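Please read the structure below before turning to the comments.
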Amino acid sequence: MSSTELGDFLRTRRQALRPADVGLAPGTRRRTPGLRRAEIALLADMSVDYYSRLEQSRETNPSESILASLARALRLSIDERDYVYRLAGYPPPVVSGVSGYVEPSMMYLLDALTHVPAHVMDDLTTILAQNALSRALVGQWADAGGRRANVTWRWFTDPGSRELNVPEEHESIGRGYVADLRAAAVRRGSDRIAEQLIADLRSVSGEFARFWDDMQVAPLQSTRKILEHSQAGRLDVQCDFVLSSTSGQRLVIFRPQPGSNTSDSFDFLRVLGQQSFGAQ
0 MSSTELGDFL RTRRQALRPA DVGLAPGTRR RTPGLRRAEI ALLADMSVDY
50 YSRLEQSRET NPSESILASL ARALRLSIDE RDYVYRLAGY PPPVVSGVSG
100 YVEPSMMYLL DALTHVPAHV MDDLTTILAQ NALSRALVGQ WADAGGRRAN
150 VTWRWFTDPG SRELNVPEEH ESIGRGYVAD LRAAAVRRGS DRIAEQLIAD
200 LRSVSGEFAR FWDDMQVAPL QSTRKILEHS QAGRLDVQCD FVLSSTSGQR
250 LVIFRPQPGS NTSDSFDFLR VLGQQSFGAQ
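Its first residue numbered 0, the sequence shown is counted upward by one per residue in numbering that gives the first Met the number 0.
This is how it looks when you write it as structure tokens:
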């Protein structure tokens with residue numbers, strides 16, 4: 000293939016997207032079709048200069064993590080993502096691996112959710128993508144990478160990850176994560192990533208080991224939760240899950256309970272998030 004194949008493909012996919020496809024406002028009239036390079040760079044969390052060099056084939060050795068970010072930003076299908084990996088000289092990520100890839104259908108739903116916190120996580124509870132309100136509510140988990148982005152790992156190894164949840168719900172939440180992980184491990188079969196995660200959790204957390212030995216198996220279900228945010232105060236939410244039957248990815252939605260003031264608190268969080276972003 001031509002040495003410009005990767006750059007050409009990135010450019011054509013960028014030009015095929017419209018702002019509404021990725022949750023952006025149309026803005027002013029565009030001189031050329033599609034999204035701007037700066038918009039894709041922002042969505043992929045990289046510099047405009049670096050993305051421009053990729054499109055212009057002046058940069059020909061992107062890392063696998065860069066490719067995963069681009070696949071997500073450009074809303075590539077699985078076939079398109081695999082094509083990009085092969086062009087860059089990498090084998091496509093295995094379906095059960097932690098690749099950072101988010102299904103386009105999941106990203107579309109996430110982009111559409113602008114009034115409630117929401118994020119996408121894989122079947123092992125690694126957060127792959129967040130909307131602005133999710134980042135304002137729980138922090139920048141998707142950008143942390145590795146196990147710092149895994150909800151179950153941090154629940155049992157980082158006490159700070161529990162501060163958002165009221166103490167009386169800690170045990171039921173922890174047991175829920177363990178039962179969900181057991182269900183995911185069974186679905187994956189002989190999977191090195193899941194097996195290592197379980198082994199490491201058993202070795203570092205007596206609480207996890209105790210819950211694991213109870214042999215409970217249950218995927219996460221819609222659950223009412225009381226959250227205590229340091230700035231937005233008490234939040235009464237229903238935590239809902241939308242499951243992809245193909246990848247096992249889940250869209251997690253924090254829905255305000257009817258009759259509560261949580262919707263107003265979400266509006267406050269949105270303003271805080273916008274101010275924080277503008278200060279960067």
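Glycine included, every Cβ here is placed at the ideal spot set by N, Cα and C. Bear in mind the structure is a predicted one, so any value in this text is a computation, not a measurement.
CB-CB under 7 Å to residue i, same chain, minus the five flanking residues each way: which ones, in chain order?
i: N260; result: none
i: D121; result: V97, L127, G247 and Q248
i: A178; result: Q215, V216 and A217
i: L226; result: L163, N164, L234 and V236
i: H114; result: F265
i: S221; result: Q237, C238, D239 and F240
i: A40; result: S46, V47 and Y50
For the beta strand (DSSP E) that contains residue i, what are its first and last residues?
i: Q129; result: I126 to Q129
i: D239; result: G232 to L242
i: L226; result: T222 to H228
How far does the alpha helix (DSSP H) with residue i in it extend, from its first residue to its last?
i: D110; result: P103 to A111
i: V203; result: R191 to V203
i: G173; result: H169 to R187
i: Y84; result: I77 to L86
In the structure shown, what three-state DSSP assignment does residue i receive?
i: T245; result: coil
i: G96; result: At G96 the pLDDT is 47, less than 50, meaning the model places this residue with poor confidence and gives no usable figure here.
i: Q14; result: helix
i: V47; result: helix
i: T261; result: helix
i: V270; result: helix
i: W211; result: helix
i: L69; result: helix
i: G33; result: coil
i: A135; result: helix
i: W154; result: helix
i: V216; result: coil
i: A19; result: helix
i: G6; result: helix
i: R52; result: helix
Roughly how far, in whole angstroms, is the beta-carbon of residue i from the beta-carbon of residue j, given that I think they are within contact range, below 8 Å?
i: E58; j: R10; result: Contact doesn't hold; Cβ gap of about 13 Å is too wide.
i: L42; j: A72; result: 4 Å
i: R174; j: Q215; result: 7 Å
i: K224; j: V241; result: Their Cβ separation, rounded to whole angstroms, is 17 Å, which puts K224 and V241 out of contact at 8 Å.
i: D110; j: G22; result: 3 Å
i: R36; j: S56; result: Actually they are not in contact, since the Cβ atoms of R36 and S56 sit about 14 Å apart, beyond 8 Å.
i: R280; j: A70; result: As displayed, the chain neither begins before 0 nor continues past 279, which places residue 280 out of reach and without an answer.
When DSSP builds the beta bridges, which residues end up paired with residue i?
i: M120; result: I126 and R249
i: P255; result: V236
i: N149; result: T125
i: N164; result: L226
Leaving out five residues before and five after residue i in sequence, what residues of the same chain have Cβ atoms less than 6 Å from its Cβ?
i: A184; result: A193
i: S95; result: Note that S95 has pLDDT 48, beneath the 50 cutoff, so the model's placement of it is unreliable and no number is given.
i: T3; result: S56
i: S160; result: R153 and W154
Is there a C-beta anywhere in chain C that falls below 7 Å from the one on residue i?
i: I65; result: Here there is only one protein chain, and chain C is not present.
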